[in-house]
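Protein chains in written order, with my numbering: chain V, 1 to 373; chain W, 1 to 463. C-beta atoms are modelled at their ideal positions from N, C-alpha and C, and glycine is treated no differently.
Pasting the structure below:
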């Protein structure tokens, strides 16, 4: 039985409200959801998604998967991230979008940036905040949140900007500060916040990209800055990884923050998120500690050739299932390599582009070489 | 551990080794040579080459080469070893390994090598000594002789298995010795052939040296061998060519075989069975060859109808000739391009995909815009429609000089297609089923195979 567009909108909105309540009721890490609970959600959400997103319905139909065929979150057909570069995956169509996030990827140098249309920012928020509280900043710590990357104000296509803005304004005492400017990071403002924290004893919660923190550490080393010890309860969280910067190791950045800010290693967090997902995972300390997330975000590791699920510990391609994506597609097949580690995952990296073999090259490469010449 | 080297003149056991791995993880090694050792090897090659020039005719060389090469293809221990080598290095099936060796081997027979020499020179004799020029109109008489440089440096970076042997044979035929840098992707076959050749004819076996070192590095052997090179033959892309050019004196001849692509054209009266033949061409060398078709144009017929027959043919061919698993990177890239075509089709209807479900054994991308695009992924072809043969000229113009083979099925418009191929500087226009297997005297990259290597000496004597 299919549903009309109007009643489908009501259904997805009602389901969103139920999910928000379920997310907010999560007591935090250490508490998980049973497979049965997740499967029940998966079945309900999948039905709405294939009814509300015609391209996803056809994708599933071509694989012989209809709403009756899914009994578990593991059985929901995952959509490759490449699809986000080609079509809009949102229940109700693009006009239902209240936020449009763009991926930064220009994979293989020619693909358009993908986009993830968000129907319900409240659901994103409902996933984001409890997970951040559970893994990074406990509610009772009245830290001042300082964000380094450009805010959503500067880049309204950035899911990271939106996320950090929401954390900065919605958590802590609500007096968070962005040290980003239109042209980059205001290093002086950042230094002032560190000094203020030292002077007042109020902890800092520093949120930034791996690359941004790397630059900060470089500047401190270059300028001969003094190492400090931030007040108890302070944390730092980096995200995004090296973004292809030669020689940049996330572990070095984390060690730099530990050394320069006096943070203990388990207070330097790494966040794993993707524009295509609205939930996040976090880890602290030295890799390969597991990146853990909320119970509504699950990950399978698949054989790249067959898409069969691999045993825990084997390296393969990561395929996520995120209920916060209820109004787009929950099951997303990435181009990332990783493995299951304990109750979390280890993200190993983005799969490199396929190197040319033999003496046959893609025409794109031939043409590129010609333009070069 | 595979021994990826054949180094005549190297005395004593090597003290240090370099190790590499093929994409399947097969480990191989080659000795680290000092400049002095590399020089000794080059000198051994030179001395053997000079000895062969004194003691062998080209006809004898052809016979010895063919005898050694036959051991790679005719049933026996050596052929089994060769197939096992390709299976281990490339993850190929027994069937694909056998097909490749037998296919390449057809160009290594006495008959084929004779045909090659005679197609480019009047006879063997002109490579053995001076031959009177009957066309000479000047006073007295003139005779001519052709000979390659004493040492040819071969750099193999991008090529299909067996090409290292073919390149080596070309050099030996013009009486040159060979110093060869082996490709990481398949470093084993040429050393095996060189050992068989050495067993067959010790002089010729010592005229070939081959080894491996990591691409992008410039060890002592590279610096030494480049000093000995009278000419260089490079299989690879721009980066490889640049590094060779930088290492050699500016007046050293460099013959390059760069990456190319294959285009297949289904003419309106294409016969039944065309798709089967095309599927064979696509799957040959696991579609790694410059001769491998990647882009298919269906002229004036239903693209969908041809795609369905091609899909059935690919399914059948890969069923009997199981392809190797794609690498992780290839798997991800194939899924990404499939996704773009599949979801794009759902969205705007102009693209679609035919594939065996989520399995990656073959992929047909059906697209309908005007851009020319192919992928260098294994067993991936793009099928498009074309209103006419002549309209292909404009469509394919961006690939001018980059198409190795223009394949066809049918006769309607064939002459026009050949004309289009000429203007696009295509090396070869050939029917489906033979795209991947050029004849021994083909014009590789549109050029002669042997003539670019030789120098001619004209000997004029007034009466």
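Check                                                                                                                                            : Outcome
Backbone secondary structure at residue 154/W - three-state DSSP                                                                                 : strand
Contact set between the segment 297 to 315 of chain V and chain W, restricted to residues whose Cβ is under 8 angstroms from the partner         : 304, 305, 306, 307
Neighbour flag for residue 344/W against chain V, beta carbons, 7 angstroms                                                                      : yes
Pair within 7 angstroms by beta-carbon distance, residue 227/V and residue 268/V                                                                 : no
Local conformation of residue 188/V per DSSP, three classes                                                                                      : helix
Euclidean distance between Cα positions of residue 340/V and residue 301/V                                                                       : 7 angstroms
Members of the segment 308 to 331 of chain W that neighbour chain V once the beta carbon cut-off is set at 8 angstroms                           : 325, 326, 327, 328, 329, 330, 331
Contact under 7 angstroms by Cβ, residue 471/W with residue 4/W                                                                                  : In the structure as shown, chain W starts at 1 and stops at 463, and residue 471/W therefore has no counterpart that could be examined.
Short CB-CB distance (under 7 angstroms) between residue 347/W and chain V                                                                       : yes
Burial state of residue 218/W, where buried means 16 or more other Cβ atoms lie within 10 Å                                                      : exposed
Contacts around residue 120/W, its chain only, beta-carbon distance under 8 angstroms, and the 5 residues preceding and following it disregarded : 441, 448, 449, 450, 451
Inter-residue spacing [alpha-carbon to alpha-carbon] between residue 285/W and residue 405/W                                                     : 15 angstroms
Below-7 angstroms beta-carbon distance, residue 55/V vs any chain W residue                                                                      : yes
Short CB-CB distance (under 7 angstroms) between residue 358/W and chain V                                                                       : yes
Pairwise C-alpha distance: residue 29/V and residue 43/V                                                                                         : 25 angstroms
Candidates 324/W, 61/W, 155/W, 211/W: closest to residue 18/W by CA position                                                                     : 211/W
Burial state of residue 341/W, where buried means 16 or more other Cβ atoms lie within 10 Å                                                      : buried
Three-state secondary structure assigned by DSSP to residue 364/W                                                                                : strand
Rounded Cβ spacing between residue 407/W and residue 281/W (contact assumed at less than 8 angstroms)                                            : 6 angstroms
Secondary structure of residue 108/V, DSSP reduced to three states                                                                               : The predicted position of residue 108/V is uncertain, since its pLDDT is 42 and thus under 50; no value can be drawn from it.
Pick from 135/V, 136/V, 185/V, 116/V that is closest to residue 149/V, judged by C-alpha positions                                               : 185/V
Nearest candidate by alpha-carbon position, reference residue 129/V, set 315/V, 278/V, 291/V                                                     : 278/V
Cβ distance (whole Å) where residue 433/W is taken to contact residue 277/W below 8 angstroms                                                    : 3 angstroms
Residues sharing a beta bridge with residue 216/V, DSSP                                                                                          : Paired residue(s): none; residue 216/V is not in a bridge.
Residue of 142/W, 128/W, 127/W minimising C-alpha distance to residue 134/W                                                                      : 142/W
Limits of the alpha helix (DSSP H) - the one that residue 336/V falls within                                                                     : Not the alpha helix (DSSP H): residue 336/V falls in the beta strand (DSSP E), residues 331 to 341.
Residue 243/V classed as buried or exposed, judged by whether at least 16 other C-beta atoms fall within 10 angstroms                            : exposed
Own chain partners of residue 115/W with C-beta closer than 6 angstroms, once the 5 adjacent residues on each side are dropped                   : 440, 441
8 angstroms contact criterion, which residue 52/V and residue 8/V should meet: CB distance rounded                                               : 5 angstroms
Residues that residue 87/V contacts on chain W, provided the C-beta gap is smaller than 8 angstroms                                              : 343, 344, 346, 347
CB contact below 7 angstroms: residue 181/V versus chain W                                                                                       : no
Closest residue to residue 6/V among 96/V, 197/V, 285/V, 351/V (Cα-Cα distance)                                                                  : 96/V
For residue 453/W and residue 174/W, believed in contact at Cβ under 8 angstroms, the rounded distance                                           : 5 angstroms
Sub-7 angstroms separation of residue 161/W and residue 226/W beta-carbons                                                                       : no
Among 317/V, 298/V, 221/V, 309/V, the one whose alpha carbon lies nearest that of residue 39/V                                                   : 298/V
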